[in-house]
Each structure stands twice: as C-alpha cells, then as structure tokens.
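A.B. asks:
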Amino acid sequence: MTKQLISLLCFVMCCSIFITGCSKEKTESGQSQKAQKTYQWKMVTSWPKNFPGIGVAPERFAKNVEAMSNGRLKIKIFGAGELVAGLEVFDAVSSGSAEMGHSAAYYWKGKIPAAQFFTGIPFGMNAQETNGWLHYGGGMKLWEELYEPFNLIPMAAGNTGVQLAGWFKKEINSVDDLKGLKMRIPGLGGEVLKELGGIPVALAGGDLFASLQSGAIDATEWVGPYNDLAFGFYQAADYYYYSGWHEPSAVLELIVNKKAFESLPKDLQMIVKVAARASNQDMLDEYTARNNDALKQLVEQHNVKLKKFDDELIRTLKKTMQAVIEKEVAKDPQMKKVWDSYSDFQKKAVEYHRISEMEYYLNRDK
Numbered sequence: 015m016t017k018q019l020i021s022l023l024c025f026v027m028c029c030s031i032f033i034t035g036c037s038k039e040k041t042e043s044g045q046s047q048k049a050q051k052t053y054q055w056k057m058v059t060s061w062p063k064n065f066p067g068i069g070v071a072p073e074r075f076a077k078n079v080e081a082m083s084n085g086r087l088k089i090k091i092f093g094a095g096e097l098v099a100g101l102e103v104f105d106a107v108s109s110g111s112a113e114m115g116h117s118a119a120y121y122w123k124g125k126i127p128a129a130q131f132f133t134g135i136p137f138g139m140n141a142q143e144t145n146g147w148l149h150y151g152g153g154m155k156l157w158e159e160l161y162e163p164f165n166l167i168p169m170a171a172g173n174t175g176v177q178l179a180g181w182f183k184k185e186i187n188s189v190d191d192l193k194g195l196k197m198r199i200p201g202l203g204g205e206v207l208k209e210l211g212g213i214p215v216a217l218a219g220g221d222l223f224a225s226l227q228s229g230a231i232d233a234t235e236w237v238g239p240y241n242d243l244a245f246g247f248y249q250a251a252d253y254y255y256y257s258g259w260h261e262p263s264a265v266l267e268l269i270v271n272k273k274a275f276e277s278l279p280k281d282l283q284m285i286v287k288v289a290a291r292a293s294n295q296d297m298l299d300e301y302t303a304r305n306n307d308a309l310k311q312l313v314e315q316h317n318v319k320l321k322k323f324d325d326e327l328i329r330t331l332k333k334t335m336q337a338v339i340e341k342e343v344a345k346d347p348q349m350k351k352v353w354d355s356y357s358d359f360q361k362k363a364v365e366y367h368r369i370s371e372m373e374y375y376l377n378r379d380k
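Everything in the sequence shown is counted per this note's numbering, starting at 15 for the first residue and increasing by one.
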C-alpha cells in the first residue's frame, strides 16, 4: 500500500469521525435543550399550608410531578390566604392567575349546584364506591362537563374517607337540639341542617377554631380525628359526635386551568393525571393510618367526650336528605343528570357490597 493511499484513508476516517461527532453533538444538544425546557406553575389551595393530610397532599403532589418530569414541571404551593382566600381558589384557577388549585367541589355550589356531588353526599357512597363511580362509572365525564365552561379540568386528588359528625359545644340528644344551631357545614349537609331549623355557616378551614372558640358558631364539622386534633378543636368544644352522615366520602379536587394544561407536552399532561390519581389514594391511606391514634389521644389525653348520634336523629337526617335532594334536582337539570348517574351507581354498589364488604365486616367483628 502506497504512502499516498494510506494518507487518503486516514483523511477519510478522520472526516467520518468528525462528521459523526458533530451529528451526535447536535442530537444531544437538541435533546438537552428540549429536556431543559421547564414550566413554573402556581397552585392555590383552600387549606393552611402543610396542614396534616389535606394540606400536605398538594406538597406531595408537586414533589411527585417534579420528580417524574425530571424537573420540567415545577409547582409552587400557596396555602389559603397566601395568594387568594381559601374559598377563592375556583375563580383564581379559572381566570388563569394560578394554573392549579386544590380544594373541594362543594364550595362552588353557588356557581354549579351539581358540583356538590363531587365531594360528598349525605348518606351517599363511601370512598371506595365514589372512586369506582368517578373512574369507571362515568362520574369523571360528568364532572369535566360541569367545569368545562369555566376553563377548568377537574381531577380527584384526595379522599378523607368517612368523616365524623363534628364538634359541638352542647349535647345533641334529639332533632330539637339542632334548631337555631349555628354550624359550619357545607354542601347538601348544610341544606339538611337548614331544613331542620339549624343555621349552616360557610367558613374556610383556617377560620374554624377562632369562630368556634369565640361563639360565632356553636358547632363545626371538619374531617376526622387526625385533622381535628391538629386544629385543636378540643380546646373550644367538649363533644365530638359520630356517626358520620354528611360526608361518607370527601373527595378533594385538583382543578387545572384548561389553557395551561393544554399548553403542556403530552407526557407532562399524563404525569399530572397520574400524580393526581396517586394523591387520591395516598390521602385515604394516610387517614386510615392516622385517625384511630389521633382519636385515642383526643379521648385519653384531652378528655374529649365521644358520643354517638341517636338512631332516631340519624333516621330524621336521612329522611330530610331525601326530601332535600328531590327538591334540588327538580330545579336544576345538571343536578338531575349527575344525581341519576350517582344514585344508579350507588344502588349497584350497595347491592354488591351487601354480600361482600358489609358481610365481611359483620363476620370479622363477631
């Protein structure tokens, strides 16, 4: 082989390596630029920042999204009152002043009466049944239809499970004791109280303790022992009542500005959806783990009087709820549409759970 040929081959190989290197550098540079594009979002909530359970859930959601997106979507959390008031979350996200919100749908009953079905319904479905309806029974489609005119996309992003009946400054022995009672209780539970002569009061979580302590309200429901202990309600009311009737399943919602969501790449949209679904289950898991220990602390360390509502009172509450729902759905077509779907699914779930879940609980507890 001549020296000239060897030199030519060396020249060709060097050119090939150079071109390949440039091509690889260009590809890696393009991928790097794409991966480095980030989105900075704000989430407003109806809860005190980092409050146990419902307040921690948005923080966990944001961390999961950032981790799964490799830092491409970062969400800053604002507790109630930091950017907007707790009951102004819907409007803030709808207008686009925040891309996301974490709240409860029944707070918006003044705008969308049917939204109440997407938090909890007195004597309605529990968390397991509600999740079944939302994700496999057509509930999410109805929820999305309700929020679409407001430029919002809803997602289930938490559930407290069955809530206790609440904190009272006086004993509740009969329906007569509800008359004139000023109680913080939102949604259809509040309408039931009103029908029985009580006075439902709308208050965000951060205002509850001061209102109960000052006497601005006589009673409040909130969530359950884990959250109620953290709020210190035992310092303002002596009586803690069950059975829970007003919110057998309290869904917490993630609402996303539709325009902002659609601006995300498809993979980030999916990450948001999956992270919301994970938050929905995670919150229920945490309350299941924490509630009983918190209840023991309330009773044994703080001398809270744990009492059960009279059976006759529960029957009256249920009968009144049936009358309230009939009246509400008769005057609002959207409520009727959602109620038809909700109640039909509940009937099916109850029918099966009567021989599965209920039968198991009875046998287990014998």
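Yeah, the Cβ is synthetic: ideal placement off N, Cα and C, and Gly gets one too.
Determine the contact status of His-260 and Gln-177, defining contact as a CB-CB distance below 9 Å.
C.D. replies: Reading the sequence shown from its first residue, position 246 is the one you call residue 260. Reading the sequence shown from its first residue, position 163 is the one you call residue 177. Cβ distance < 9 Å, so His-260 and Gln-177 count as in contact.
A.B. asks: Hey, could you find the ends of the beta strand (DSSP E) Glu-253 is sitting in?
C.D. replies: Counting from 1 along the sequence shown, the entry for residue 253 is found at position 239. The sequence given here places Tyr at residue 253; Glu does not occur at that position. Run containing Tyr-253: 253-256, per the beta strand (DSSP E) assignment.
A.B. asks: What residue range does the alpha helix (DSSP H) around Ile-339 cover?
C.D. replies: Within the sequence shown, numbered from 1, the residue matching residue 339 stands at position 325. Ile-339 -> alpha helix (DSSP H) spans 325-345.
A.B. asks: If you draw a straight line from the C-alpha of Asp-324 to the C-alpha of Gln-130, how long is it?
C.D. replies: Within the sequence shown, the letter at position 310 stands for residue 324. Within the sequence shown, the letter at position 116 stands for residue 130. Roughly 26 Å separates the two Cα atoms.
A.B. asks: Compute the beta-carbon to beta-carbon distance between Asn-78 and Ala-289, rounded to the nearest angstrom, for a pair I have assumed lies under 8 Å.
C.D. replies: The sequence position of residue 78 within the sequence shown is 64, counting from 1. The sequence position of residue 289 within the sequence shown is 275, counting from 1. With a Cβ gap of about 5 Å, Asn-78 and Ala-289 count as contacting.
A.B. asks: Quick one: does Phe-247 have its CB under 9 Å from some CB of chain C?
C.D. replies: You won't find chain C in this structure, because it holds only one protein chain.
A.B. asks: Going by DSSP in three states, Gln-389 sits in which element: helix, strand or coil?
C.D. replies: The shown model of the chain, from 15 to 380, leaves out residue 389, and the question about it has no answer.
A.B. asks: From this set, Lys-90, Lys-196, Glu-158, which residue's C-alpha is nearest Ala-128's C-alpha?
C.D. replies: Walking along the sequence shown from the start, residue 128 turns up at place 114. Nearest C-alpha to Ala-128: Glu-158.
A.B. asks: Alpha carbons only, please: which of Phe-245, Leu-207, Met-154 is nearest the one belonging to Pro-62?
C.D. replies: On the sequence shown, position 48 is the one that residue 62 refers to. Looking at the Cα atoms, Phe-245 is the closest of the given residues.
A.B. asks: So, with DSSP's three-state summary, where would you put His-367?
C.D. replies: What you label residue 367 is simply residue 353 of the sequence shown in a count that begins at 1. DSSP places His-367 in helix when its eight states are reduced to three.
A.B. asks: What is the rounded straight-line gap between the Cα of Ser-257 and the Cα of Glu-276?
C.D. replies: As a working mapping, residue 257 is identified with position 243 in the sequence shown. As a working mapping, residue 276 is identified with position 262 in the sequence shown. Rounded to the nearest angstrom, the two C-alpha atoms are 43 Å apart.
A.B. asks: Report the rounded CA-to-CA distance for Val-107 versus Thr-59, giving the unit in angstroms.
C.D. replies: Taking the first residue of the sequence shown as 1, we reach residue 107 at position 93. Taking the first residue of the sequence shown as 1, we reach residue 59 at position 45. Approximately 10 Å, taken between the alpha carbons.
A.B. asks: Hey, how far is the Cα of Gly-201 from the Cα of Lys-183?
C.D. replies: By one-based count along the sequence shown, residue 201 stands at place 187. By one-based count along the sequence shown, residue 183 stands at place 169. Using only the alpha carbons, I get a separation of about 22 Å.
A.B. asks: Following the continuous beta strand (DSSP E) through Lys-273, name the residue where it begins and the one where it ends.
C.D. replies: Here residue 273 is taken as the residue at index 259 of the sequence shown, counted from 1. Per DSSP, Lys-273 belongs to no beta strand (DSSP E); it is in the alpha helix (DSSP H), 272-276.
A.B. asks: Distance check for Lys-380 and Leu-101, CA to CA, integer angstroms please.
C.D. replies: Here residue 101 refers to the residue found at position 87 of the sequence shown. Here residue 380 refers to the residue found at position 366 of the sequence shown. Going from the Cα of Leu-101 to the Cα of Lys-380 covers about 45 Å.
A.B. asks: Considering only residues of the same chain and omitting the five flanking positions on each side of Phe-247, which have a CB-CB separation below 6 Å?
C.D. replies: The residue you call residue 247 lines up with position 233 of the sequence shown. The residues are Trp-181.
A.B. asks: Would you be able to state if there are at least three C-beta pairs under 8 Å between the segment 218-227 and the segment 352-366?
C.D. replies: No, they do not touch.
A.B. asks: Looking at C-beta atoms only, is the number of pairs between the segment 330-337 and the segment 201-212 that lie closer than 8 Å three or more?
C.D. replies: Enough Cβ pairs lie closer than 8 Å, so yes.
A.B. asks: With distances taken Cα to Cα, identify the nearest neighbour of Val-265 among Val-338, Tyr-254, Asn-294, Gly-124.
C.D. replies: If you number the sequence shown from 1, residue 265 lands on position 251. Comparing Cα-Cα distances from Val-265 to each of Val-338, Tyr-254, Asn-294, Gly-124, the minimum goes to Asn-294.
A.B. asks: Please report the straight-line C-alpha distance between Asn-377 and Pro-66, rounded to a whole angstrom.
C.D. replies: In the sequence shown, the residue the question calls residue 377 occupies position 363. In the sequence shown, the residue the question calls residue 66 occupies position 52. Those two C-alpha atoms are separated by around 34 Å.
A.B. asks: In whole angstroms, give me the CA-to-CA distance for Pro-72 and Leu-268.
C.D. replies: Counting from one through the sequence shown, the residue named residue 72 turns up at place 58. Counting from one through the sequence shown, the residue named residue 268 turns up at place 254. Their Cα atoms are separated by approximately 9 Å.
A.B. asks: Is it the case that the segment 230-244 contacts the segment 306-320, given that we only count it when at least three CB pairs across the two stretches are under 8 Å?
C.D. replies: With a cut-off of 8 Å, the segment 230-244 and the segment 306-320 count as touching, because enough Cβ pairs lie within range.
A.B. asks: For Lys-184, which of helix, strand or coil comes out of DSSP?
C.D. replies: Residue mapping note: residue 184 aligns to position 170 of the sequence shown, counting from 1. DSSP places Lys-184 in coil when its eight states are reduced to three.
A.B. asks: Please report how far the alpha carbon of Glu-314 lies from the alpha carbon of Ala-81, in whole angstroms.
C.D. replies: Locating residue 314 in the sequence shown gives position 300, counting from the first residue. Locating residue 81 in the sequence shown gives position 67, counting from the first residue. Near 41 Å, if we compare the C-alpha coordinates of Ala-81 and Glu-314.
A.B. asks: Based on the DSSP secondary-structure assignment, which residues constitute the bridge partners of Thr-59?
C.D. replies: Numbered from its first residue, the sequence shown carries residue 59 at position 45. Per DSSP, His-116.
A.B. asks: Taking C-beta to C-beta, are Glu-235 and Ala-179 nearer than 9 Å?
C.D. replies: By 1-based counting over the sequence shown, the position of residue 235 is 221. By 1-based counting over the sequence shown, the position of residue 179 is 165. Result yes, Cβ atoms of Glu-235 and Ala-179 sit closer than 9 Å.
A.B. asks: Alpha carbon to alpha carbon, what distance is there between Ala-118 and Ile-68?
C.D. replies: Your numbering for residue 68 matches position 54 in the sequence shown. Your numbering for residue 118 matches position 104 in the sequence shown. Answer to the nearest angstrom: the Cα atoms are 10 Å apart.
A.B. asks: Applying the criterion that 16 or more other CB atoms from any shown protein chain within 10 Å of the CB defines a buried residue, is Leu-320 buried or exposed?
C.D. replies: Within the sequence shown, numbered from 1, the residue matching residue 320 stands at position 306. The residue in question, Leu-320, is exposed, as its Cβ has fewer than 16 Cβ neighbours within 10 Å.
A.B. asks: May I ask you to report which of helix, strand or coil DSSP gives Pro-168?
C.D. replies: To locate residue 168, count along the sequence shown from 1; it is residue 154. In the structure shown, Pro-168 sits in a strand (DSSP, three-state: E or B).
A.B. asks: Restricting to Cα atoms, I'd like to know which of Asn-84, Lys-90, Pro-262 is closest to Ala-76.
C.D. replies: Residue mapping note: residue 76 aligns to position 62 of the sequence shown, counting from 1. Answer by Cα proximity: Lys-90.
A.B. asks: How about Arg-74 and Lys-51: do their beta carbons lie closer than 9 Å?
C.D. replies: Sequence index remark: in the sequence shown, residue 74 carries index 60 (1-based). Sequence index remark: in the sequence shown, residue 51 carries index 37 (1-based). No, they are not a contact pair.
A.B. asks: Taking the straight line between their C-alpha atoms, what separation do you get for Arg-368 and Gly-93?
C.D. replies: As a position in the sequence shown, residue 368 is number 354, starting the count at 1. As a position in the sequence shown, residue 93 is number 79, starting the count at 1. Rounded to whole angstroms, Arg-368 to Gly-93 spans 41 Å at the Cα level.
A.B. asks: What residues in its chain sit with their C-beta under 7 Å from that of Leu-160, if we drop five residues either side in the sequence?
C.D. replies: Indexing the sequence shown from 1 puts residue 160 at position 146. Around Leu-160: Ile-126, Ala-128, Ala-129, Gln-348.
A.B. asks: Just how far apart, CA to CA, sit Cys-36 and Gly-95?
C.D. replies: Sequence index remark: in the sequence shown, residue 36 carries index 22 (1-based). Sequence index remark: in the sequence shown, residue 95 carries index 81 (1-based). Here Cys-36 scores only 44 on pLDDT, less than 50, and its place in the model should not be relied on; the value that follows carries that caveat. Cα to Cα, the separation comes out at about 53 Å.
A.B. asks: For Leu-87, name the three-state secondary structure that DSSP assigns.
C.D. replies: Counting from 1 along the sequence shown, the entry for residue 87 is found at position 73. Leu-87: strand per DSSP, three-state reduction.
A.B. asks: Go ahead and label Tyr-374 buried or exposed: buried means 16 or more other beta carbons lie within 10 angstroms of its beta carbon, across all protein chains shown.
C.D. replies: Locating residue 374 in the sequence shown gives position 360, counting from the first residue. Exposed: under 16 other Cβ atoms inside 10 Å.
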